[in-house]
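This report refers to the structure that appears directly beneath it.
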Amino acid sequence: MGIQAFDERDYKTAIERFSAVLEEDPRNLNVREYLARAHYHRASLRPAEAEARTILEQDPTNEFVTLLLVRSLERQNRADEAVGLRRRLAALTGDDSHLTPQSL
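The numbering of the sequence shown is this note's numbering, which starts it at 119 and goes up by one.
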């Protein structure tokens, strides 16, 4: 199972398994979130970003995925793109500490 591989930090296998599930059920946001997280943990930041953006198109108030996208952008030295997302995250959570990268 993908979650078992993820929990065991076998992100390569997790990505393969989550991708297979999404081929059958592309609207499964839970699986897509795990896939985004697995990509992030493997430092596959572009795929993590793409999956996070796909999730946020369908669930724009997902705080965790917004933070994942912020971190993915910042790790790619694209902090300027993350600023607006940090503002959104602070508004969603009511936590102004999200406005600065130090909250990572």
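Cβ atoms here follow ideal geometry from the backbone N, Cα and C, with glycine treated the same way.
Inter-residue spacing [alpha-carbon to alpha-carbon] between residue i and residue j
i	j	result
A138	M119	11 Å
V188	R204	7 Å
Y158	E142	23 Å
R164	S190	8 Å
T131	E151	15 Å
D198	R206	14 Å
Option in the options with minimal Cα separation from residue i
i	options	result
A156	Q122, R196, G202, D213	Q122
T184	L174, A132, R193	L174
E181	A209, D198, R160, Q194	A209
Reduced DSSP secondary structure (H/G/I, E/B, other) of residue i
i	result
N148	helix
D128	coil
I121	helix
L222	Confidence is the limiting factor: at L222 the pLDDT is only 44, short of 50, which leaves the residue's position unreliable and the question unanswerable from this model.
Which whole runs of the alpha helix (DSSP H) in the region 159-218 are 4 residues long or more, in chain order?
Secondary structure within the region 159-218: the alpha helix (DSSP H) runs of 4 or more consecutive residues, fully enclosed, are 163-176, 181-193, 197-211 (chain order).
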